[in-house]
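Chains as they are written, first to last, in my numbering: chain A, 799 to 1130; chain B, 3 to 657.
The C-beta atom is built at its ideal place from N, Cα and C for all residues, glycine as well.
The structure presented is a predicted model; accordingly, all values stated were derived computationally and were not measured.
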Amino acid sequence: MMTLFSSPHLHGGNRSQRLMLLVLAAAMPGLLTQIYWFGYGTLFNVVWAILVGLLLEAGVLALRKRPLGFFLKDGSVIVTCLLLALALPPLAPWWLVTVAALFAVLFAKHLYGGLGNNPFNPAMAGYAICLIAFPASMTVWTSPEHYFDLAGQWQWFWQERGNIDAITQATPLDAMKHLQGKTINEMLSANPSVVHYADAMFRVNTAYLAGGLALLALKVFTWHAPGAMLASLGIMAGLFGAGEPDLYASFSDHLFLGATMLAAFFIITDPVTSATSRKGKLIFGAGIGILVYVIRTWGSYPDAFAFAVLLMNLSAPLIDQYSKPKAYGQQP
Amino acid sequence: MRKLFDFPGGVHPAQNKQQSNPGKVLELPLPQRLLVPLSQHIGAPAKPVVKVGEQVQKGQLIAQATGFISASVHAPSSGTISAIDAFPVAHASGLEAMCIELQTDGQDTWHQDIGSADANTLDDQQIRQRMQAAGIAGMGGAGFPSSAKLATDKPIHTLLINGVECEPYITADDTLMQVHSADIIAGANLLLRLLDQAKCIIVIEDNKPQAITVMQQAALEHTDIEILVIPTKYPSGGEKQLIENVTGKQVPKGGIPADLGILCQNVATVKAINDAVYLGQPSIERIVTVTGNGVKQPGNYRIRIGTSVDYVLQQCQAETHANPVILGGPMMGFQLPNTQVPLVKTSNCLIVPDPQELPGKDTSMACIRCGQCEVACPAQLLPQQLYWLAKSDAFDKIEQYNLMDCIECGACAYVCPSQIPLVQHYRYAKGMVRQQAAETRQAEHAKLRFESREQRLLDEVNAKEERRKARAAAAAAAQAAKRAENPGAEDPVAAAKARLAEKKAAEASAPPKKAAEVQVPANHKDLKTAAAIVRTKLKKASKAFADAQAAGHDNTDKLQAMVTELEQRSEAAAKALADFESNMGLDPEAEKLAQVTWAKANAQVRKLTKAAPDESASDTEKSEHQTALTAAQATLDQAKAHLDSIKNPSQEAKS
């Protein structure tokens, strides 16, 4: 007898792979801008992380006796590893990228049951574990003025040989955090390189913003989580920045420095680990924005998306519980 | 221009409506066999009123509606009833149901009672009767008996006539509106007449321009009938979605459109109402769209109710060997496991797609909770959450997520990037929720039955007791009456009581038997045992008495008497023992003391014997030990002698 299919018999043609490909494509402007301003390190990270991730995914799928081709082509591991690599510093050596990818794919994703079952954002879990385990390696950022050429980066990536003191620099968020008695404006006028750095970060963030808006237009995700996150971060920064402009980084600094736009449109929009309903996503995004501001301003890390995202991942089931939409026709 | 509203969610699938050439009704030759199910509607099945072998005419009643929510069934053509039995009907599972099989005679002669009427001369009651007799059930797909829908006592201000036909492929209503616009308007006017004070809106999706034009023409002279065009979006033809689209109001959860003062009817239903009232014709035919790339002659066919799907597909030259057959639209219709099933009042479409047209689904992938389904859901549900809960059989929780509000429109599965057959999961969960509810009801029913049985048994026992008491009272009364009649005679009961009292008094005055035994003891040991036994009995009896009192039992006076008696006996036994001991010169306290002294001395001797110094010890040590041992031995002998003297005073006297 013929196989019976349940209705609907029509399908809109949307595929998970399509969503993943769109995310990959939308991240490209950001990736290229990052490479342009901060060197080839990010490129090395991306290629190596994706290779490691694919191998791990294939290994786990083989162990779990799942069809390899079918699941590898869903593209989810590529997206995870790309986002992880974009978040890692450009001077991350191969082993650091490997550890991060390993933790992301094996621990954060597959030990929880694979795609769709992981409670924590795998990229952020991989990033956070490295930030805790290897704080020194995780906080060296190249300056936009100097970075290794391709050969130098190759040598650094594999052997950690090269004079990195000449090319590293504190990030603007870091510099604004450690003012040493100066006001922000005094610090900036004393350090033109920070201003230059901030300018580069602004461009990188703008590139991610553009990619994110494209995804929004293509309805890959709804506006709720990124909108709420940017709004809450902006409001926090606006309030404190307006009150004490000498001590607190401004509204635009918070929105366009660090990993803000990357996180807003590519990290916190991970559907698996965020809250479910649209109302829930508003709470989820707002929570991340507030946590990021708090950790950036009063915590001991210059940027804080990994921790903020993981904390809100943890809260997602609770948010779901209290953000069920009203049933159709239910009186308010 | 009326302001239009929107409803949440919805999708825009490819329409594929042109290949069935809407606007033209095709006729099929009358089939030789018609199989008419008794239940083509929501509610109770109709009851057959004909017998096998009976000749029937077209339009003759063959099964009568049973109850308020039910619809009658009529012979779709003239012929002979050949069977009344269970046959496979159009159902996703190949379910069988009761049907009446009719072999047509080809004459197709109307029954003599079928006749037209002038509606103007009929009163409202007669119009309702003619509608009800025609067995009309909602022809848009739900099959709710129309007369029951119309019988609401809630005030209706708006009659919404549904010509939306939002599912892709189907053009049956489109065609009907183009061909029978006048009948629809006439039917709508009949309903308006019954509803009193209501206005009528006929709603059509903007993808049916011909139907809109024709209907507007037909409605031109009727000021209380409005033709409203709404944008194409699936599922705008769903009753609740349609109402929100037009009025901006949501039908309350658990409520019906009448709660908002709205009555919805499908265009085909309204046409059937027209036929029933004006022509007297019952619901025995409808228009069915036959389409899909597997059909060589697609189109809209007028078929008799009960025509086999197989017959229709043959006539339309459909290729059904390699292709599935879908009854209904591509979004909510179901694949037929068997095409030897009849078309019924609610069947609006048959699709025979080729494999490229509606491909079976790939293996579904993991749900990534992307939320596309949530955006598409017109019922404001969280399809992704429902899916996870259905998959983990969390049926209690799934109800909190309003699973039962799911209208199974399929919009979620249509947009799902992981190709998960979501609606199938929801159907499964709904079935389980219903089953659990039924089981709970059954369990409650069983509990009630058990409790009432217990009560009944208890009542029987009580009644018996009452009867016994009544009998005893009657007997006593009779006795008293007898005595009153005969005061000199001796009362036998009083005499027996007196005899019993006498006997008891004699027993009480005689010395207790056991106490006598105690008074003649064999020796000291027996006395001790007797005293101990009585003490134990007393303890037990006292405890039983205390327990009985605590539990509030009635007959404690007996126990109390027993306790008193045992107390007396215990005292007597103790006294006897003491007397014996004093007679013999025994002193239990002194004996105990002597026993202890002897035991101590004994222990001392043993200890010293054990701790004897070995060969290597010095002479001094040896002699010291010897002295101590001798002294201890002497003490022990003394104690032994003392103890013996106390135990046996006579021996001491003798020596």
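Boundaries for residue 4 of chain B: no alpha helix (DSSP H) harbours it, and the DSSP string shows neither H nor E there. Beta-bridge annotation (DSSP): residue 204 of chain B is paired with B:163 and B:229. Distance check between residue 841 of chain A and each of A:1032, A:947 and A:1021 places A:947 closest, using alpha-carbon atoms only. The beta carbons of residue 147 of chain B and residue 258 of chain B sit no closer together than 9 Å. Taking a Cβ-Cβ cut-off of 7 Å, the neighbours of residue 386 of chain B in chain A comprise 1074, given in sequence order. Closest option to residue 28 of chain B, judged by alpha-carbon separation, among B:219, B:193 and B:299: B:299.
In the DSSP assignment, the residues bridged to residue 236 of chain B are B:13. For the pair residue 91 of chain B and residue 357 of chain B, the CB atoms are not nearer than the 9 Å cut-off.
One finds 814 in chain A with Cβ atoms closer than 7 Å to the Cβ of residue 420 of chain B, taken in chain order. Counting only the Cα atoms, residue 831 of chain A lies some 47 Å from residue 243 of chain B.
If you draw a straight line from the Cα of residue 327 of chain B to the Cα of residue 294 of chain B, it comes to about 9 Å.
Proximity of chain A to residue 407 of chain B at the Cβ level (cut-off 7 Å) is accounted for by 1125 and 1126, in chain order. In the DSSP annotation of this structure, the continuous segment of the alpha helix (DSSP H) that includes residue 441 of chain B starts and ends at 424-487. Here residue 804 of chain A is actually not in contact with residue 419 of chain B; their C-beta atoms are around 18 Å apart, not less than 8 Å. Between residue 65 of chain B and residue 102 of chain B, the beta carbon gap of about 6 Å places them in contact (Cβ cut-off 8 Å). In this structure, DSSP gives residue 939 of chain A a state outside helix and strand, which the three-state scheme calls coil. With the rule of 3 Cβ pairs closer than 8 Å, the stretch 833-851 of chain A counts as touching the stretch 884-901 of chain A. Chain B has no Cβ within less than 9 Å of the Cβ of residue 919 of chain A. For residue 844 of chain A, the enclosing alpha helix (DSSP H) stretches over residues 839-861. Among the CB atoms of chain A, one or more fall inside 9 Å of the CB of residue 381 of chain B. Under the DSSP definition of a beta bridge, residue 49 of chain B partners with B:66.
Taken through DSSP and simplified to helix, strand or coil, residue 908 of chain A comes out as helix. Residue 983 of chain A and residue 1059 of chain A have their C-alpha atoms some 24 Å from each other. If you check the CB distance, residue 427 of chain B and residue 393 of chain B come in under 9 Å. Beta-bridge partners assigned by DSSP to residue 106 of chain B: B:81. Within chain A, no residue has its CB atom less than 7 Å from the CB of residue 167 of chain B, the nearest being about 15 Å off.
In this structure residue 111 of chain B is in contact with residue 60 of chain B, their Cβ atoms being roughly 6 Å apart against a cut-off of 8 Å.
Within 10 angstroms of the beta-carbon of residue 114 of chain B lie fewer than 16 other beta-carbons, which makes it exposed.
Following the DSSP letters along the chain, one finds residue 301 of chain B inside the beta strand (DSSP E) bounded by residues 301-306.
At the C-beta level, residue 923 of chain A and residue 1106 of chain A stay beyond 9 Å of one another.
Distance between residue 1068 of chain A and residue 157 of chain B, taken at the CA atoms: about 50 Å. Excluding the 5 residues flanking it on each side, residue 154 of chain B has same chain C-beta neighbours closer than 6 Å at 260, in chain order.
DSSP, read as helix, strand or coil, puts residue 375 of chain B in helix.
Chain A has no Cβ within less than 9 Å of the Cβ of residue 436 of chain B. Distances from the alpha-carbon of residue 63 of chain B to those of B:534, B:55 and B:73 put B:73 closest. For the C-beta of residue 1070 of chain A, the chain B residues within less than 7 Å are, from N- to C-terminus, 370 and 371.
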